[in-house]
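Be aware that the sequence shown starts at 285, since it is given in the working numbering, and climbs by one per residue. For each residue, glycine too, the CB sits at the ideal point set by N, CA and C. Please read the structure below before turning to the comments.
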Amino acid sequence: MYEYKEMQGVIDYIEEHLDEDMCIDMLAEMGMLSKFYFQRLFYKLVGVTVMEYVRLRRLAKAAEEIKAGGKITDIAFENGFNSLETFTRAFKSVYDMSPSEYKKSDIPLAHFYKPDLSLKYRAVDIGVPLVASGVVIEFSVKEIKEDIKVMGIVEECEIGVAGQDNPGIAWNKCVEIKNNILNQSKTNVQCGISFPSEKQGKFNYLASVQVDKFDNNNDKLYQYVIPKGLYVVCTFSAENFFELTNAALDKAMAYLLQTWLPNSDYDMISDFAAEYYDYRCLKDHPIPQQVQSAPVDIIKNPPEMDIMVMVKRK
Numbered sequence: 285m286y287e288y289k290e291m292q293g294v295i296d297y298i299e300e301h302l303d304e305d306m307c308i309d310m311l312a313e314m315g316m317l318s319k320f321y322f323q324r325l326f327y328k329l330v331g332v333t334v335m336e337y338v339r340l341r342r343l344a345k346a347a348e349e350i351k352a353g354g355k356i357t358d359i360a361f362e363n364g365f366n367s368l369e370t371f372t373r374a375f376k377s378v379y380d381m382s383p384s385e386y387k388k389s390d391i392p393l394a395h396f397y398k399p400d401l402s403l404k405y406r407a408v409d410i411g412v413p414l415v416a417s418g419v420v421i422e423f424s425v426k427e428i429k430e431d432i433k434v435m436g437i438v439e440e441c442e443i444g445v446a447g448q449d450n451p452g453i454a455w456n457k458c459v460e461i462k463n464n465i466l467n468q469s470k471t472n473v474q475c476g477i478s479f480p481s482e483k484q485g486k487f488n489y490l491a492s493v494q495v496d497k498f499d500n501n502n503d504k505l506y507q508y509v510i511p512k513g514l515y516v517v518c519t520f521s522a523e524n525f526f527e528l529t530n531a532a533l534d535k536a537m538a539y540l541l542q543t544w545l546p547n548s549d550y551d552m553i554s555d556f557a558a559e560y561y562d563y564r565c566l567k568d569h570p571i572p573q574q575v576q577s578a579p580v581d582i583i584k585n586p587p588e589m590d591i592m593v594m595v596k597r598k
């Protein structure tokens with residue numbers, strides 16, 4: 285199928301040559317399409333224009349190098365920007381802060397990750413693992429028989445391809461106050477819940493812990509109930525906790541909502557998606573006190589987590 289195999293080759297090439305000059309004519313020739321149709325197909329498959337994709341991937345790579353301690357001027361030129369001013373302007377337009385401000389801050393960023401286009405065309409059956417772009421994804425259906433109560437910190441987020449990682453900010457705040465949350469469940473489950481905002485172009489993200497009952501005396505924490513019912517569970521794994529909660533999470537969420545559900549026997553009936561973090565994904569968490577059991581063999585027992593959405597049969 286041309287739609288992803290040929291274009292994936294172009295994307296792979298871009299990723300390997302981010303530090304080099306690129307032009308649409310060259311990339312279109314590589315994709316064996318006219319310049320016009322190449323740009324239309326790229327936008328349809330990837331979600332952004334060709335050169336915007338190049339810019340976003342360069343910025344993502346540059347941001348990682350900044351945090352690794354590199355010199356900002358060198359990073360700018362090594363990632364294809366022709367001046368420090370151009371790089372700073374591009375960085376600030378996407379992440380709402382300058383490179384030097386980011387270097388000094390602890391604010392996490394949400395990047396545009398390299399896509400695996402095969403995820404748009406492969407709808408696997410329940411119980412059949414899908415391996416794509418370093419991620420293993422598998423689906424199941426289960427009945428949750430009791431409401432799940434959670435409490436935590438809410439951050440309002442922009443709907444966009446990249447920017448400041450407000451869900452990450454919510455988790456940082458939640459970790460700070462986690463030990464003060466009363467009535468925590470012994471399961472040591474944490475949930476990240478995306479649900480609608482009243483503001484256009486935004487959504488809410490709740491970083492939370494499971495509790496046995498709500499603490500109504502703490503008005504600083506947001507209370508949320510994941511209702512009992514039928515759920516599709518998307519289970520996925522990655523090589524480490526960082527990959528699991530960043531690139532792998534983005535890919536699994538997009539695959540669940542955009543590819544798997546539309547081709548399944550189920551309709552999503554909830555207005556939320558719940559990320560379910562338990563001992564499986566906390567095995568190599570940077571906060572040791574959250575670890576319940578360490579992996580004996582990372583191949584047999586990799587970091588793993590679930591995304592859950594409430595459904596009904598079509």
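Residues bridged to residue i [DSSP beta-bridge criterion]
i	result
C441	F487
T372	Answer is none; T372 lacks a bridge partner.
M435	V493 and Q507
L687	Residue 687 lies beyond the range of the chain shown here (285 to 598); nothing can be said about it.
F479	N488
C518	F423 and I591
G447	A394
D551	K596
I428	G513
E313	In DSSP, E313 forms no bridge with anything.
Y321	Y321 pairs with nothing; no bridge assigned.
Q542	Note: Q542 sits in no beta bridge, so no partner.
Y560	C475 and D590
Q292	Q292 is not bridged to any residue.
Nearest residue (CA-CA) to residue i, options the options
i	options	result
P451	V425, K486 and V473	K486
L528	K462, I421 and I308	I421
Y508	Y288, S318 and I437	I437
V459	A491, L317 and Y539	A491
F322	K433, E299, K355 and G293	G293
G411	P546, I350 and T519	T519
A538	R373, A454, R342 and F396	F396
K337	K398, D503 and A454	Contrary to the premise, residue 337 reads as Tyr rather than Lys in this sequence. Taking only the C-alpha atoms, the option nearest Y337 is K398.
E362	K345, A352 and G331	K345
G331	A347, D400 and N530	D400
M316	Y288, H301, E299 and T333	Y288
W455	L311, Y561, M291 and A446	Y561
I257	I391, G354, S402 and E348	Only positions 285 to 598 of the chain appear in this structure, which leaves residue 257 out of reach.
K504	D358, I465, T471 and K483	I465
Whole-Å CB distance - residue i paired with residue j, under 8 Å assumed
i	j	result
C565	M592	Rounded, the Cβ-Cβ distance is 14 Å, inconsistent with contact.
K598	I553	That belief does not hold up - the Cβ atoms of K598 and I553 are roughly 11 Å apart, past 8 Å.
I477	A558	5 Å
K368	Q448	It is worth fixing the name first, because residue 368 is Leu in this sequence and not Lys. Not quite, the Cβ-Cβ distance comes to about 22 Å (not below 8 Å), so this is no contact.
L325	K404	Not a contact, Cβ separation roughly 12 Å.
Y379	C441	Not really, about 14 Å apart at Cβ, beyond 8 Å.
R339	A374	6 Å
I356	S389	In fact, because the Cβ distance is near 14 Å, the residues do not count as touching under 8 Å.
D303	K319	Their Cβ separation, rounded to whole angstroms, is 23 Å, which puts D303 and K319 out of contact at 8 Å.
Y297	I350	Not quite, the Cβ-Cβ distance comes to about 25 Å (not below 8 Å), so this is no contact.
I453	I391	7 Å
I432	I510	4 Å
Other residues of its chain near residue i: CB distance less than 8 Å, five sequence neighbours each side excluded
i	result
D305	G364
D549	R597 and K598
Y506	M435, G436, I437, V438, L490 and S492
M314	G293, V294 and Y297
A446	L340, L343, A344, V378, Y379, L393, A394, H395 and F396
T333	Q323, F326 and Y327
E299	R341 and K398
N547	A407
Own chain, CB closer than 7 Å to residue i, minus 5 neighbours either side, in chain order
i	result
S469	Q494, V495 and D496
W544	A407 and F423
S481	E440, F487 and N488
N467	V495, D496, K497 and D499
D555	F479 and P480
A536	V419, I421, C518, F520 and I591
A312	S318, K319 and F322
E290	G315 and M316
D551	V595, K596 and K598
Own chain, CB closer than 6 Å to residue i, minus 5 neighbours either side, in chain order
i	result
P586	S521
F371	A360 and F365
K376	S382
K227	Given a span of 285 to 598 for the chain in the structure shown, any question on residue 227 remains unanswerable.
L533	none
H301	none
C-beta neighbour in chain D for residue i, strict 8 Å
i	result
S548	Of the protein chains in the structure, only one exists, and it is not chain D.
Next on the checklist: Assess contact between the region 410 to 429 and the region 466 to 482, defined as three or more Cβ pairs (one per stretch) separated by less than 8 Å. Is contact present?
Outcome noted: no
Next on the checklist: Does the structure place the region 426 to 440 close enough to the region 506 to 521 that three or more beta carbon pairs sit under 8 Å?
Outcome noted: yes
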